[in-house]
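Q:
Protein chains: 2
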Amino acid sequence: EEPPVSLAECAACHGADGVGRDEEIPNLAGQHERYLYTQLQAFKSGKRPHKEMRYESRHLSDQEMQALARYYAQLAR
Amino acid sequence: EEPPVSLAECAACHGADGVGRDEEIPNLAGQHERYLYTQLQAFKSGKRPHKEMRYESRHLSDQEMQALARYYAQLAR
Numbered sequence: 001e002e003p004p005v006s007l008a009e010c011a012a013c014h015g016a017d018g019v020g021r022d023e024e025i026p027n028l029a030g031q032h033e034r035y036l037y038t039q040l041q042a043f044k045s046g047k048r049p050h051k052e053m054r055y056e057s058r059h060l061s062d063q064e065m066q067a068l069a070r071y072y073a074q075l076a077r
Numbered sequence: 001e002e003p004p005v006s007l008a009e010c011a012a013c014h015g016a017d018g019v020g021r022d023e024e025i026p027n028l029a030g031q032h033e034r035y036l037y038t039q040l041q042a043f044k045s046g047k048r049p050h051k052e053m054r055y056e057s058r059h060l061s062d063q064e065m066q067a068l069a070r071y072y073a074q075l076a077r
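Chain order of the listed sequences is A and B.
Everything in the first sequence is counted per the numbering used here, starting at 1 for the first residue and increasing by one.
Everything in the second sequence is counted per the numbering used here, starting at 1 for the first residue and increasing by one.
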């Protein structure tokens, strides 16, 4: 399955391999798909307040959020 | 290293093995220690709003938060 187009932006901090690039940035590899999806929604809506993530998620469509969640969830933990 | 006393409460949802017990609950095994610690602080202070996690973290001392973060971070992802 092709990685989602918006992966590049995420990979800058979370890595294409899903390993956070610094200690404050969570690993996403093998995380629960549903959890990843609900966090992206929460960042976009502001329900989960986070400056950078709100900025990064502001243009994501629901379909892109699902694709990103699926991509990172299926990476080996 | 003895697992932290408060682990039992966390394990009910996150597992002693750090695998979330349902799709909405994040895996914690192998997560970045610093990230886990800052999230516990944010849940306790309310900076990261979350009903259950605020309840669970309300009595945690700073020292317990560090021990829990260290415990889950060192579990194999």
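Think of the CB as a built atom: it goes at the ideal place given N, C-alpha and C, for glycine as much as any other residue.
The structure displayed is predicted, hence computed values, not measured ones.
#1: Using a Cβ cut-off of 8 Å, pull out every chain B residue sitting near residue 20 of chain A, in sequence order please.
#2: Along chain A, in chain order, which residues have C-beta atoms closer than 7 Å to that of residue 54 of chain B?
#3: For the alpha helix (DSSP H) holding residue 22 of chain A, just list the boundary residues, first then last.
#4: Select from A:20, A:45, A:16, A:30 the residue whose C-alpha is nearest the C-alpha of residue 74 of chain A.
#5: Got a sec, what are the start and stop residues for the alpha helix (DSSP H) residue 58 of chain A sits in?
#6: Please decide whether residue 70 of chain A counts as near chain B, where near means a Cβ-Cβ distance under 8 Å.
#7: So, at 7 Å on beta carbons, what are the nonlocal neighbours of residue 59 of chain A in its own chain, with the 5 sequence-adjacent residues on each side left out?
#8: Roughly how many whole angstroms lie between the Cα atoms of residue 68 of chain B and residue 71 of chain A?
#9: Could you give the C-beta distance for residue 40 of chain A and residue 65 of chain A, rounded to a whole number, given that I count them as a contact under 8 Å?
#10: Give the residues of chain A in contact with residue 24 of chain B, contact being defined as C-beta atoms less than 8 Å apart.
#11: For residue 45 of chain A and residue 56 of chain A, I'd like the C-alpha separation in whole angstroms.
#12: Where does residue 29 of chain A fall in DSSP's three states?
#13: Taking the alpha carbon of residue 35 of chain B as the reference point, which residue from A:10, A:5, A:47, A:19 has its own alpha carbon closest?
#14: For residue 24 of chain B and residue 7 of chain A, I'd like the C-alpha separation in whole angstroms.
#15: Taking all protein chains shown into account, do 16 or more other C-beta atoms lie within 10 angstroms of the C-beta of residue 4 of chain B, making it buried, or fewer, making it exposed?
#16: Name, please, each residue of chain B whose Cβ falls closer than 9 Å to the Cβ of residue 48 of chain A.
A: Taking the definition as stated:
#1: The answer, in chain order, is 32, 35.
#2: Within chain A, no residue comes near residue 54 of chain B; the closest Cβ sits about 13 Å away, beyond 7 Å.
#3: Taken as a continuous stretch (DSSP letters only), residue 22 of chain A belongs to no alpha helix (DSSP H), as it is neither H nor E.
#4: Restricting attention to A:20, A:45, A:16, A:30, the CA atom closest to the CA of residue 74 of chain A is found in A:30.
#5: Following the DSSP letters along the chain, one finds residue 58 of chain A in no alpha helix (DSSP H), marked with neither H nor E.
#6: When Cβ-Cβ separations below 8 Å define contact, residue 70 of chain A makes no contact with chain B.
#7: Beyond the five residues adjoining it in sequence on each side, residue 59 of chain A comes within less than 7 Å, by CB distance, of no other residue in the same chain.
#8: Note on geometry: alpha-carbon atoms of residue 68 of chain B and residue 71 of chain A lie some 28 Å from one another.
#9: At roughly 4 Å, the Cβ-Cβ gap stays under 8 Å, so residue 40 of chain A and residue 65 of chain A are in contact.
#10: Under the 8 Å cutoff, chain A gives 32, 34, 35, 38.
#11: Residue 45 of chain A and residue 56 of chain A have their C-alpha atoms some 12 Å from each other.
#12: Three-state result, residue 29 of chain A: coil.
#13: The residue with the shortest Cα to Cα distance from residue 35 of chain B is A:19.
#14: Taking the Cα positions, residue 24 of chain B is about 22 Å away from residue 7 of chain A.
#15: Buried: at least 16 other Cβ atoms inside 10 Å.
#16: Those are 48, 49, 50, listed as they occur along chain B.
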